[in-house]
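This is the structure we're talking about:
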């Protein structure tokens, strides 16, 4: 029979079993942290009606969408998790208790030209808090605190969450009389990290803005320092524009509450160059960079929006959300050698019967250990002992139990510690407790998933 | 602005937050049980190349597939998890350690005509053990033991795993000289549960089989009793056909090992009417029925196959697998009133600051409790106290912490037990320990997810 070559599409990430174990640990830390803040998971369909999912989309996004017909129905695969959230909340607004906290860690689809770091199928890990009519700005402090917790629990320490407020920007450009040009100006400043401030200046000059205003823009964008000094410098500008003042108050409230919410001041900064796209966000915005990998861009971003679902409902649904681009983040960590795949194993214990006479005993012992919450694999193939141990080595299991006729008759097991190479005989009654103690010790020394 | 009606496609299941919490508990029990047997998760792409995914498919399945072009590429959405597994194992056969144990709990897609109990997007929860060249028949006992554990952990007790062996059937029909007709005969017997044995007889008569052979088929299919007596009756048939004898030996080995693997004999039966489709399975086959809901059909099925990936590789890859149709199972349990959605809550504790002065204190207390592994939500909106308590009631949270200026000044919290309605004042230092003890007590009385 002629064979079909087994392969997957380019731009799709598929992992080895060991990589998958690490990926899942990261995903599970993100999910359990989100849950610890009272977020409930949503699981929306991958396929939706195009008329619903594309109510807002347009331009670049729409071109990338996997869209097709099945029968008479015009379908597309979700390209983000925000539009499905908007649809969900609008659809079920009468059954939902607001503020509504949801998380969703799921794959989204974009038929982009594949290139390094761009995937056509990728996980996003989103949290959003949605209010009905109003939502306290204090939530703008809690949401980055959640992301701070996620990153710390993954083992990262050298990172900063940068925040800004779109109202401050809006007020500043109104004050300069550049409200109409502000979208173009912000798009240039958004690139400051990549192109440098000198090139930002050149770009602004190309826009034929007056030199004094360019200077003001550049010195405004360059304001930096710790939280208190940035706020002080912004106050000192004496800009009376209501948007500016409102944004400044919010910035102050949020920055103060962030500390209360547990983010060390060493880990966040106000940065007036953070703009986060153009039309969706209306207040606080965030980006997060690893200090040693600025070139990765933001690994976790988000912000405040006034109206989640205006395409579906008249009800005003303000919200605040952040998102981790998990697939891309994992890919970058892997390439940077920050993940340890070799230490992975699918089981804590491998139970090996010496021959067919002891397979029943092996199955019984394995079941006893599982009742004590251990992860236990059996090796039931008829093979030479040496090959069984080769298997144990390949799957990197820390303990092997060897069960021969002698062991069965005496109701003991031979335990081999694969790291030290030592082995000892333990009574069948005591083996679960023995192994649990060994693993409890190891758990105390447990290492973070990511090595920084 | 004119609004788009927010809705999803028919045939797609989307849950309320409370339903989602229950669904996830079930999914998580399945996953952790699979993992306790040393299975590693795979996460294959939802989209694959049609030429790869459809190497084998045809007929009914192919008509249901979501297939489309993007650019020059002919794509389809996966319609099961077995074909992607075959592709994965064939593609990575040199990097995989055999026997390879993988699980995958993921959505698959079939554009079927939507009807009650049929979904177009649904979760399957699959386990498979794949050998290279050979795989001991003892694994055929371990795999149903895993499913037995899953069902027991979900809270089910009134169910049976029914098993059979395709070699026994093949040998029996060879012995009757009906090998050619056996596929048609088995298709009729497969329906015995729905149409009854009298109708099976009528169908066999319509095939114009000789009356004496029909009698033999019916009395063979009707063999029942406990494991020992069924095996004895099969032995007593004295059928020398090698397939029959080989199958009978396997049936004996597997049935004996199933008990060792921890399945109570009250929970499995040999049933010669179980056939499991026609061409894929080659040895042991299983179906699982809830005793009180036979009409649901099998909730968990599978079996042994000789060759997982023959469309992709010459290497012989025998395997054994079972699968739970999770979405359909959940839907049936929900309709039968066996799931309790009312008791769900997104958090264990809701922290309510009385006014803006105490929001900082609330954020700090919440963070302290999370460090003690509690799930803690804050309520930060400016609202009347009554409305805050309405929120607490709606989300069904068991404990509310009320933090006013007095509490902050004295570094205490007022804890309200929402079930009993009592409240007490506890020192901020002691509150984490106090709540952990309360939840530890509740955990001892924890109930199963499914009420039978």
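Protein chains in written order, with the working numbering: chain X, 344 to 795; chain B, 344 to 795.
We put the CB at the ideal spot given by N, CA and C, even for glycine.
Query, Result
"Contact list for the region 380 to 396 of chain X against chain A, Cβ threshold 9 Å", "Absent here is chain A; the protein component of the structure consists of chains X and B."
"The region 363 to 374 of chain B in contact with the region 706 to 720 of chain X per 3-pair CB rule at 8 Å", "no"
"Proximity winner among 527/X, 435/X, 644/X and 613/X, relative to residue 471/X (alpha-carbon distances)", "644/X"
"Partners in chain X for residue 728/B, counting only beta-carbon separations shorter than 9 Å", "Neighbours of residue 728/B on chain X: none; closest Cβ ~15 Å, over 9 Å."
"Rounded separation between residue 366/B and residue 686/B - CA only", "13 Å"
"Coil, strand or helix - residue 439/X by DSSP", "coil"
"Integer Cβ distance of residue 481/X from residue 723/B, believed to fall under 8 Å", "4 Å"
"One or two residues paired with residue 349/B in a DSSP bridge", "Answer is none; residue 349/B lacks a bridge partner."
"Below-8 Å beta-carbon distance, residue 724/X vs any chain B residue", "yes"
"Residues of its chain near residue 396/B, where Cβ-Cβ distance is below 6 Å and the 5 sequence neighbours each way are ignored", "419 and 426"
"Identity of the residues DSSP links to residue 693/B by a beta bridge", "720/B and 743/B"
"Assigned exposure category for residue 509/B - 16 Cβ within 10 Å defines buried", "buried"
"N- and C-terminal bounds of the beta strand (DSSP E) containing residue 627/X", "627 to 633"
"Identity of the residues DSSP links to residue 506/X by a beta bridge", "613/X and 629/X"
"Chain B contact for residue 506/X (CB, 8 Å cutoff)", "no"
"Euclidean distance between Cα positions of residue 387/B and residue 650/B", "20 Å"
"Short CB-CB distance (under 8 Å) between residue 707/B and chain X", "yes"
"Enclosing beta strand (DSSP E) for residue 412/B [first to last residue]", "410 to 413"
"In DSSP terms, what residue 560/B is bridged to", "In the DSSP output, where bridge partners are listed per residue, residue 560/B has none listed."
"Rounded straight-line distance, which links the Cα of residue 379/B to that of residue 535/X", "50 Å"
"DSSP bridge partner residues for residue 783/B (one or two, in chain order)", "DSSP, once it has assigned bridges, lists no residue as partnering residue 783/B."
"Contacting residues, own chain, Cβ-Cβ under 7 Å from residue 473/X (five flanking each side not counted)", "432, 441, 442, 443, 651, 660 and 662"
"Residues bridged to residue 767/B [DSSP beta-bridge criterion]", "758/B"
"Per DSSP, the bridge partner or partners of residue 465/X", "451/X"
"Under 7 Å from the C-beta of residue 585/B: neighbouring residues of chain X", "In chain order: nothing, as chain X lies at least about 20 Å away."
"C-alpha distance - residue 698/B paired with residue 446/B, whole-angstrom precision", "50 Å"
"Residue environment, residue 550/B, which counts as buried when at least 16 other CB atoms sit within 10 Å", "exposed"
"Residue 634/B vs residue 501/B beta-carbon contact at 8 Å", "yes"
"C-beta atoms of residue 576/B and residue 598/B nearer than 8 Å", "no"
"Cβ-based contacts, 8 Å cut-off: residues of the region 645 to 675 of chain X near chain B", "652, 653, 654, 655, 656 and 657"
"Coil, strand or helix - residue 590/B by DSSP", "helix"
"Meets three-Cβ-pair contact criterion under 8 Å: the region 455 to 462 of chain X and the region 555 to 571 of chain X", "no"
"Burial state of residue 870/X (16 or more Cβ within 10 Å)", "Past the edges of chain X, shown from 344 to 795, lies residue 870/X, and the structure says nothing about it."
"Chain-order list of residues whose beta-carbon lies under 6 Å from that of residue 596/B (same chain, five-residue window excluded)", "480"
"Sufficient close CB pairs (3 or more, under 8 Å) joining the region 525 to 542 of chain B to the region 666 to 676 of chain B", "no"
"Simplified DSSP state of residue 524/X, which is helix, strand or coil", "coil"
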